[in-house]
Amino acid sequence: MKVKQIGRILGFGALLASVFTAGAYAEDVLKRVEAYLRPDFNVVLDGKPIKMENDPLVYEGSSYLPVKELGNLLGANITFKDDTKTIYINSRLYKEQPVQDPNIDYQEIKMRDPLSNIYVYLGSEYPALIIGNDTAIRDSNKYWRLSDVKRMGIDVTGLTFVKEKLTQQLYVSESELKKKWRQAPTVSYNRPRNSYNYIVAGEVDNEKIEAIQKYIKDTSSIRTTTVTLSTKPIIVDTTSDTNIYQYMFWQNAQLTDGKYVNNRLMTTRLRIYKGYNEDFYTINSDNQLDLQSELDDRERKKNNPQDATTTP
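Right, dumping it as structure tokens:
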């Protein structure tokens, strides 16, 4: 019932959007109409009254609502491409699965060749992290981070997920996704413009993005008297706090004698803020984790259960 309702209302909204953006069209396809705004109309969604930012419009006995505003309320992603004069409506009408089910013993993979990028799916752009599987047996599959796939609105019901050992995040193989996606995602022309091609996923504030990129560049190499630490960014993710980000990167340690010590997968939390009367952002990092050490600790406790209960 709800799907029919959405299709009907979004259809009205699409026509309304074409009327309101008529200035972008050639003159020979324009049609002037007489319509009426109705601020006295009430809109009820799933039994609950909602307040629209824009009033409903009545034309020739039919009611029209703004497609973008209503689409967002209904959980659909609405995008208008001016170059093709096309409105994309991507529904997210599917039952979301839990991020992780404690009753499922997920197959595990280990991250190899991670790549973050911006992808186009059904006309809209989405950030995503794709990895390979570092295993002795050749695995040519690509794995998409599940949280990114769900943001794209792909129905993942019934698909098999795997758990990445280091991050403990869920992924889904591209071969599985092909069963569900409506078209193959393509790399966006708006992909990141930085030396490492990583993205700041979910952030749209260019000033914040530039501040984060500058911080990462400035801290990409740190030297002490005994060691040089160099980093290769993978991805920066937004969090529920608009000023806190989760940064994932590879870290190489090289001793002064020229020997490499290790190549570790790390995460750290970035906090961004502006001081009083300042017109620039300052970034601090904390809560840095060595994910390989975390994995080693989990496996040690799993193999030696008594260690997990020993009080320090």
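Here my numbering = 1-based position in the sequence shown + 124.
The beta carbon of each residue, even a glycine, is placed where N, CA and C say it ideally should be.
Model, not experiment: these values are computed from the prediction.
Start-to-end residues for the alpha helix (DSSP H) that takes in residue i
i    : result
G195 : 191-197
V273 : 270-275
K338 : 330-342
E232 : Taken as a continuous stretch (DSSP letters only), E232 belongs to no alpha helix (DSSP H), being part of the beta strand (DSSP E) at 231-233.
E298 : 298-301
Residue i versus the options, residue with shortest Cα-Cα distance
i    : options                : result
F404 : I359, K383, Y339, V280 : Y339
I87  : D365, T366, Q370, T350 : Examination of residue 87 is not possible in this model, given that the chain is present from 125 through 436 alone.
D361 : Y322, T380, Y384       : Y322
Y250 : N241, G256, Q412       : N241
D365 : R395, Q337, I407, A377 : R395
S186 : E193, L161, T208, I174 : L161
S297 : I278, Y267, G282, P309 : Y267
L413 : T392, T352, D164       : T392
E177 : L239, E331, P190       : P190
L253 : I213, A377, T291       : T291
K383 : T350, I407, N408       : T350
R347 : T363, K341, A377       : A377
T343 : I228, N408, D229       : N408
T310 : P226, Y245, L194       : Y245
V157 : D170, G171, V182, K172 : V182
N367 : T406, I228, T284, D229 : T406
L283 : I213, E418, Y230       : Y230
G277 : I255, I261, D263, L301 : L301
Rounded separation between residue i and residue j - CA only
i    : j    : result
V168 : L198 : 12 Å
D420 : K398 : 38 Å
S312 : T203 : 15 Å
Q416 : M390 : 8 Å
W374 : R422 : 20 Å
D329 : A335 : 10 Å
A325 : S271 : 11 Å
D164 : M372 : 51 Å
P180 : K304 : 36 Å
Y320 : T355 : 10 Å
K192 : I174 : 15 Å
N166 : R275 : 31 Å
K155 : T281 : 44 Å
T184 : N196 : The residue you asked about is not Thr; residue 184 is Glu in the sequence shown. So the alpha carbons of these two residues sit roughly 26 Å apart.
Y218 : D279 : Caution is warranted here: a pLDDT of 48 is assigned to Y218, below 50, making its placement in the model unreliable, and no coordinate value can be reported.
P222 : I228 : With a pLDDT of 47 at P222, under the threshold of 50, the modelled position of that residue is not reliable, and the figure given next carries that caveat. For P222 and I228, the distance between alpha carbons rounds to 11 Å.
E418 : R269 : 20 Å
K426 : T363 : 30 Å
D381 : K341 : 25 Å
Residues that DSSP places opposite residue i in a beta bridge
i    : result
A352 : One point to set straight first is that residue 352 is Thr, not Ala, in the sequence displayed. Beta-bridge pairing links T352 to R347, Q378.
I75  : Because residue 75 is not part of the residues shown, which for the chain are 125 to 436, the question remains open.
S312 : Answer is none; S312 lacks a bridge partner.
I211 : F204
Boundaries (first-last residue) of the beta strand (DSSP E) holding residue i
i    : result
A252 : 248-257
Q416 : No beta strand (DSSP E) contains Q416, which is instead part of the alpha helix (DSSP H) from 415-427.
Y397 : 384-397
E439 : Since the first and last residues shown for the chain are 125 and 436, residue 439 lies out of range.
P173 : 172-174
V167 : 167-169
V182 : 181-183
S186 : 186-188
Own chain partners of residue i with C-beta closer than 7 Å, once the 5 adjacent residues on each side are dropped
i    : result
E232 : V286, K287, K289
N428 : none
N265 : N257, S297, E298, S299
N386 : A377
Q224 : L294
K332 : I396, Y405
N411 : T392, R393
Closer than 7 Å to chain C by CB, residue i
i    : result
E184 : As a matter of chain content, chain C is missing from the structure shown, which is built from one protein chain.
Contact set for residue i: own chain, Cβ-Cβ below 6 Å, skip 5 residues either direction
i    : result
D258 : K234, R236
T145 : Unreliable placement is indicated for T145, whose pLDDT of 43 sits below 50; no coordinate value is reported for it.
R388 : Q375, D414, Q416
T352 : Q378
Close Cβ partners of residue i (< 8 Å) along its chain, the five nearest in sequence each way excluded
i    : result
T210 : F204, G247
A148 : Confidence in A148 is poor, its pLDDT being 46 and thus under 50, which makes the residue's placement too unreliable to answer from.
N314 : I242, E249
Q307 : Y245, L246
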